[in-house]
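Undergrad:
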Amino acid sequence: MNKNKYKLTRLFQFLFGFIPSLFSLFVSRNKNTIIFNSQLNSTFEHNSRSLFIYCINHEKDINCKYVVNDEIKRQELAKLYGDHFITNYRLRDILTILRSNVWVCSSLETPLMGFFLNIRRNVFHLGHGSPVKSIGLGEGYLSFSKAVYYRIIRTNFSYFMSSSPAFDKAWRNCLDINDFQVIRCPQARCDELSIPSPELIERHLSCSRYNILYAPTWRPLTETKLFPFDDFDFAKLNSFLENRGIKIHLRLHPNFESKVSQSLVHLDSISLISSNCVKDINQLLGAFDLLITDYSSIYVDFLLTEKPLIFLPYDLEEYSRVVGFSIDYEKLSPGPKPKTMTQFIEDLDALLQSPEYYLTERRTCNQILNSNFEDHCTKAIASIKNLSRF
Numbered sequence: 039m040n041k042n043k044y045k046l047t048r049l050f051q052f053l054f055g056f057i058p059s060l061f062s063l064f065v066s067r068n069k070n071t072i073i074f075n076s077q078l079n080s081t082f083e084h085n086s087r088s089l090f091i092y093c094i095n096h097e098k099d100i101n102c103k104y105v106v107n108d109e110i111k112r113q114e115l116a117k118l119y120g121d122h123f124i125t126n127y128r129l130r131d132i133l134t135i136l137r138s139n140v141w142v143c144s145s146l147e148t149p150l151m152g153f154f155l156n157i158r159r160n161v162f163h164l165g166h167g168s169p170v171k172s173i174g175l176g177e178g179y180l181s182f183s184k185a186v187y188y189r190i191i192r193t194n195f196s197y198f199m200s201s202s203p204a205f206d207k208a209w210r211n212c213l214d215i216n217d218f219q220v221i222r223c224p225q226a227r228c229d230e231l232s233i234p235s236p237e238l239i240e241r242h243l244s245c246s247r248y249n250i251l252y253a254p255t256w257r258p259l260t261e262t263k264l265f266p267f268d269d270f271d272f273a274k275l276n277s278f279l280e281n282r283g284i285k286i287h288l289r290l291h292p293n294f295e296s297k298v299s300q301s302l303v304h305l306d307s308i309s310l311i312s313s314n315c316v317k318d319i320n321q322l323l324g325a326f327d328l329l330i331t332d333y334s335s336i337y338v339d340f341l342l343t344e345k346p347l348i349f350l351p352y353d354l355e356e357y358s359r360v361v362g363f364s365i366d367y368e369k370l371s372p373g374p375k376p377k378t379m380t381q382f383i384e385d386l387d388a389l390l391q392s393p394e395y396y397l398t399e400r401r402t403c404n405q406i407l408n409s410n411f412e413d414h415c416t417k418a419i420a421s422i423k424n425l426s427r428f
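Count along the sequence shown starting at 1, add 38, and that's the number in the numbering used here.
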């Protein structure tokens with residue numbers, strides 16, 4: 039992961055937004071405008087993307103704008119969704135952002151960076167997944183510079199939206215915020231689980247009997263090991279998958295995609311779904327028959343489908359020490375955790391052949407980790423409008 043790249047980008051946006059953030063204290067507000075953004079103001083993804091699309095289709099009284107600084111990406115999005123996309127560096131766009139009464143973010147970057155941006159404005163943090171892992175000030179590997187950064191930006195947010203009581207503490211600890219700033223609210227992107235993109239299904243999912251997503255989480259200090267078994271055998275795995283009509287689709291962190299073993303991706307029964315082709319995997323998530331992961335919060339979303347899960351926490355002790363968890367991972371990861379490839383194949387076969395295998399555990403964890411099971415966007419925007427007095 040190119041940490042320096044992200045640090046420099048955040049530093050530049052912070053310095054660039056410092057003067058406008060001071061000016062913001064004196065600018066009149068437009069109560070009918072919502073500014074959306076996502077990571078580094080350069081992407082169109084996660085919960086803010088889903089809620090934005092919902093709003094432009096169903097909330098006609100709201101003037102929705104989405105910050106995307108990439109010129110080509112912004113033009114492509116405008117063709118798809120209309121004239122809703124702006125930058126945070128053009129003067130007229132800066133004024134639009136500053137005058138907005140509501141900002142909706144998927145990450146800890148705001149549409150403009152600076153200090154005290156929540157004064158006379160509601161800034162909502164939707165997140166880009168449930169905080170299964172420790173985040174923000176709760177991170178186990180927190181550096182001094184990141185701790186300072188988190189302390190500064192805590193002045194920018196009004197509310198953190200939490201999808202379950204199980205995650206409230208993690209959100210509070212993220213930036214050391216008050217209890218009242220953590221609001222119960224579903225994740226907007228979960229609506230897409232029931233209506234995955236037909237176009238993406240046709241383009242990326244095979245006509246195999248079963249399509250499985252393998253989506254491990256990133257590691258801050260080490261590279262992720264795929265199929266982390268001492269007895270791993272390419273030929274044996276491929277033979278089993280072909281005989282059962284199974285296709286495994288890998289979804290990795292963008293910076294690790296190029297490091298995947300070519301022997302693995304060249305197997306007929308395994309493919310790579312690159313972030314260059316599918317920007318937001320939630321658009322496709324509901325179409326998979328089973329999920330393989332380790333500590334990724336994607337499994338919390340997938341629980342809503344009640345479909346089977348396999349966990350491969352091969353470095354659990356180290357990950358718990360270096361990163362940490364906000365929940366009792368061992369109790370709230372409802373699926374087999376095979377330690378050998380032989381056991382992996384047996385568990386995979388059992389989950390696909392028997393819908394009842396681990397179903398009770400999945401339903402129990404779903405009730406704990408998800409507080410909402412339908413109409414996620416509708417309820418999310420209702421919370422935002424209620425708190426912002428639209």
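The beta carbon of each residue, even a glycine, is placed where N, CA and C say it ideally should be.
What's the C-alpha gap between S334 and V161?
TA: Position 296 of the sequence shown holds residue 334. Position 123 of the sequence shown holds residue 161. Whole-angstrom Cα-Cα distance: 26 Å.
Undergrad: Looking only at C-alpha atoms, which of S358, D327, M379 and K417 sits nearest to P393?
TA: Position 355 of the sequence shown, counted from the first residue, corresponds to residue 393. Among S358, D327, M379 and K417, the Cα nearest to that of P393 is on D327.
Undergrad: What does the alpha-carbon distance come out to for the pair F54 and M151?
TA: As a first step, residue 54 must be located in the sequence shown, where it is residue number 16. As a first step, residue 151 must be located in the sequence shown, where it is residue number 113. Looking at the two C-alpha atoms, the distance is approximately 8 Å.
Undergrad: Less than 7 Å between the CB of R400 and some heavy atom of the ligand GTP, yes or no?
TA: Summarising the ligand content, the structure contains no ligands, and the ligand GTP is consequently not present.
Undergrad: On the three-state DSSP scale, how would you describe I110?
TA: Position 72 of the sequence shown, counted from the start, is the residue given in the question as residue 110. The answer is helix: DSSP assigns I110 an H, G or I state.
Undergrad: Does the separation of the CB atoms of Y197 and I221 fall below 8 Å?
TA: Here the question's residue 197 lines up with position 159 in the sequence shown. Here the question's residue 221 lines up with position 183 in the sequence shown. Yes.
Undergrad: Go through its chain and collect everything with a Cβ distance to N40's Cβ below 6 Å, but skip five positions before and after it.
TA: Taking the sequence shown and counting its residues from 1, the one referred to as residue 40 is at position 2. For N40, the predicted model reports a pLDDT of 48, less than 50, meaning its position is unreliable and no value from the coordinates is stated.
Undergrad: Considering only residues of the same chain and omitting the five flanking positions on each side of D229, which have a CB-CB separation below 7 Å?
TA: In the sequence shown, residue 229 corresponds to position 191, counting from 1. Answer for D229: S88, H414 and C415, listed in chain order.
Undergrad: Rounding to the nearest angstrom, what Cα-Cα distance links N75 and Q391 in this structure?
TA: One-based indexing of the sequence shown puts residue 75 at position 37. One-based indexing of the sequence shown puts residue 391 at position 353. Whole-angstrom Cα-Cα distance: 42 Å.
Undergrad: Expressed to the nearest angstrom, what Euclidean distance is found between the alpha-carbon atoms of P236 and F267?
TA: Within the sequence shown, the letter at position 198 stands for residue 236. Within the sequence shown, the letter at position 229 stands for residue 267. Rounded to the nearest angstrom, the two C-alpha atoms are 35 Å apart.
Undergrad: Using the C-alpha atoms, what's the distance from S138 back to R359?
TA: Numbered from its first residue, the sequence shown carries residue 359 at position 321. Numbered from its first residue, the sequence shown carries residue 138 at position 100. Their Cα atoms are separated by approximately 42 Å.
Undergrad: Have a look at T331 and I250 and give me their C-alpha separation to the nearest angstrom.
TA: For the purposes of this step, residue 331 is taken as the residue at position 293 of the sequence shown. For the purposes of this step, residue 250 is taken as the residue at position 212 of the sequence shown. C-alpha separation (whole angstroms): 11 Å.
Undergrad: Per the contact definition of three or more C-beta pairs closer than 8 Å, is the stretch 65-82 in contact with the stretch 92-102?
TA: Judged by Cβ distances under 8 Å, the stretch 92-102 makes contact with the stretch 65-82, as three or more pairs qualify.
Undergrad: Spatial neighbours of S301 within its chain, please: C-beta separation below 7 Å, excluding the five flanking residues on both sides.
TA: One-based indexing of the sequence shown puts residue 301 at position 263. Around S301: F272.
Undergrad: Roughly how far, in whole angstroms, is the beta-carbon of L115 from the beta-carbon of V106, given that I think they are within contact range, below 8 Å?
TA: Counting from 1 along the sequence shown, the entry for residue 115 is found at position 77. Counting from 1 along the sequence shown, the entry for residue 106 is found at position 68. With a Cβ gap of about 6 Å, L115 and V106 count as contacting.
Undergrad: Quick check on the DSSP output: what are the complete beta strand (DSSP E) runs of length 3 or more inside the stretch 287-362, in order along the chain?
TA: DSSP runs (the beta strand (DSSP E)) wholly in the stretch 287-362: 308-310, 328-331 and 347-349.
Undergrad: Measure the CB-CB distance between A204 and I406 and report whether it falls below 8 Å.
TA: Stepping through the sequence shown from its first residue, residue 204 is reached at position 166. Stepping through the sequence shown from its first residue, residue 406 is reached at position 368. In this structure, I406 lies closer than 8 Å to A204 by Cβ.
Undergrad: Any idea what DSSP makes of C143, helix, strand or coil?
TA: To locate residue 143, count along the sequence shown from 1; it is residue 105. Residue state, collapsed to three classes: strand.
Undergrad: Taking all protein chains shown into account, decide if A418 is buried (16 or more other Cβ within 10 angstroms of its Cβ) or exposed.
TA: Along the sequence shown, read from residue 1 onward, the residue named residue 418 stands at position 380. Under this definition A418 is a buried residue.
Undergrad: Would you say G176 and C212 are within 8 Å of each other, going by their C-beta atoms?
TA: Counting from 1 along the sequence shown, the entry for residue 176 is found at position 138. Counting from 1 along the sequence shown, the entry for residue 212 is found at position 174. In this structure, C212 lies closer than 8 Å to G176 by Cβ.
Undergrad: Apart from the five residues on each side of it in sequence, which residues of its chain come closer than 8 Å, Cβ to Cβ, to D108?
TA: Working through the sequence shown from its first residue, we reach residue 108 at position 70. Excluding positions up to five away in sequence, the list reads S80.
Undergrad: Consult DSSP for T54 and reduce its assignment to one of helix, strand or coil.
TA: The residue labelled residue 54 in the question sits at position 16 within the sequence shown. For the sequence presented, residue 54 should be read as Phe rather than Thr. Residue state, collapsed to three classes: helix.
Undergrad: May I ask you to report which of helix, strand or coil DSSP gives M39?
TA: Position 1 of the sequence shown, counting from 1, holds the residue named residue 39. Low local confidence applies: a pLDDT of 45 at M39 is under 50, so the model's placement there is unreliable, with the coordinate-based value given in what follows. Correct three-state label for M39: coil.
Undergrad: To the nearest angstrom, report how far apart L370 and N95 are at their CA atoms.
TA: Indexing the sequence shown from 1 puts residue 370 at position 332. Indexing the sequence shown from 1 puts residue 95 at position 57. Taking the straight line from one Cα to the other gives about 36 Å.
Undergrad: Which complete alpha helix (DSSP H) runs does the stretch 214-267 hold, if anything under 4 residues is left out?
TA: 236-242, all fully within the stretch 214-267.
Undergrad: How many angstroms separate the CA atom of Q381 from the CA atom of S312?
TA: Locating residue 381 in the sequence shown gives position 343, counting from the first residue. Locating residue 312 in the sequence shown gives position 274, counting from the first residue. Distance between the alpha carbons of Q381 and S312 is about 28 Å.
Undergrad: P351: which of L264, F411, A420 and F278 sits nearest, CA to CA?
TA: Taking the first residue of the sequence shown as 1, we reach residue 351 at position 313. Residue L264 is the option with its Cα nearest to P351.
Undergrad: Pull up the CB-CB distance for P258 and A208, whole angstroms please, since I reckon it's below 8 Å.
TA: Start at 1 with the first residue of the sequence shown, and residue 258 comes out as number 220. Start at 1 with the first residue of the sequence shown, and residue 208 comes out as number 170. Rounded, the Cβ-Cβ distance is 17 Å, inconsistent with contact.
Undergrad: Around the C-beta of C245, are 16 or more other C-beta atoms found within 10 angstroms, so that it is buried, or is it exposed?
TA: As a first step, residue 245 must be located in the sequence shown, where it is residue number 207. The residue in question, C245, is exposed, as its Cβ has fewer than 16 Cβ neighbours within 10 Å.
Undergrad: Is the beta carbon of P376 closer than 8 Å to that of D387?
TA: Along the sequence shown, one-based indexing puts residue 387 at 349. Along the sequence shown, one-based indexing puts residue 376 at 338. No.
Undergrad: According to DSSP, N101 sits in a beta bridge with which residue or residues?
TA: Within the sequence shown, residue 101 is the residue found at index 63, counting from 1. Partner(s): T71.
Undergrad: Under 6 Å Cβ to Cβ from C223, same chain only, skipping five residues before and after it: list those, please.
TA: Against the sequence shown, residue 223 aligns to sequence position 185. Closer than 6 Å at the Cβ level, and outside the excluded window around C223, lie M199, A418 and S421.
Undergrad: If you draw a straight line from the C-alpha of N410 to the C-alpha of N320, how long is it?
TA: Residue mapping note: residue 410 aligns to position 372 of the sequence shown, counting from 1. Residue mapping note: residue 320 aligns to position 282 of the sequence shown, counting from 1. Distance between the alpha carbons of N410 and N320: 17 Å.
Undergrad: Could you spell out the range, first to last residue, of the beta strand (DSSP E) harbouring V161?
TA: Residue numbering aside, residue 161 sits at position 123 when the sequence shown is read from its first letter. Its beta strand (DSSP E) spans residues N160 to H163.
Undergrad: Strictly by DSSP, which residues pair up with Y494?
TA: Residue 494 lies beyond the residue range present for the chain, which begins at 39 and ends at 428; the question has no answer from this structure.
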